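So for the sequence shown, this note's numbering puts the first residue at 190; every next one is plus one. Beta carbons are placed, not taken as given, at the ideal position from N, Cα and C, and that holds for glycine. In this text, all values refer to a predicted model and were calculated from it rather than measured experimentally. Below is one structure, written out as C-alpha cells; comments come after it.
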Amino acid sequence: MILAALWYQVDCACRRSAPWYSLGRGPISAEKSILLDYVSNMSIISLGKALQNKHSSVALTVASGLLIQLMTVVSTGLLSAALVK
190 MILAALWYQV DCACRRSAPW YSLGRGPISA EKSILLDYVS NMSIISLGKA LQNKHSSVAL
250 TVASGLLIQL MTVVSTGLLS AALVK
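This is the structure in C-alpha cells:
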C-alpha cells in the first residue's frame with residue numbers, strides 16, 4: 190500500500206505535466222496540449238489517450254499503477270487463512 194501511495198504521486202505529476210511538455214517541444218494544437226486531460230479520467234481511459242497521443246511517460250506510469258493495483262489484489266488473495274492438519 191505504501192508503494193501504491195508513493196507511485197500515485199509520481200503518476201499524478203506525470204499526468205499533469207505531459208500536456209505542457211508536449212507544448213514546450215514546439216507548436217502543437219490545443220487539443221493535444223493544454224486541453225488534454227489525463228488526471229480526471231479513469232486509468233484505462235488515460236492509458237488509451239496516452240498511447241494515442243504518443244505520451245510514453247504517461248502510458249508507462251499509468252500501466253505501472255494498474256499493475257501495482259493488480260498486484261495488491263493478488264497478494265491479498267494469497268494471504269488467506271488455511272486449515273493446517
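Measure the alpha-carbon distance for residue i versus residue j and round it to whole angstroms.
{"i": "P208", "j": "L272", "result": "53 Å"}
{"i": "P216", "j": "L224", "result": "14 Å"}
{"i": "S211", "j": "A194", "result": "27 Å"}
{"i": "S269", "j": "H244", "result": "39 Å"}
{"i": "Y197", "j": "A219", "result": "26 Å"}
{"i": "L256", "j": "G237", "result": "15 Å"}
{"i": "S222", "j": "M231", "result": "19 Å"}
{"i": "L259", "j": "M190", "result": "12 Å"}
Between the options, which lies nearest to residue i when the distance is taken from Cα to Cα?
{"i": "S235", "options": "K274, Y197, I191 and R204", "result": "R204"}
With a Cβ-Cβ cutoff of 9 Å, do residue i and residue j count as a contact?
{"i": "T250", "j": "V199", "result": "yes"}
Considering only residues of the region 230–268, which uninterrupted alpha helix (DSSP H) runs meet the minimum length of 4 residues and lie entirely inside it, listed in chain order?
-> If only uninterrupted alpha helix (DSSP H) runs of at least 4 residues are considered, those enclosed by the region 230–268 are 232–241 and 245–267.
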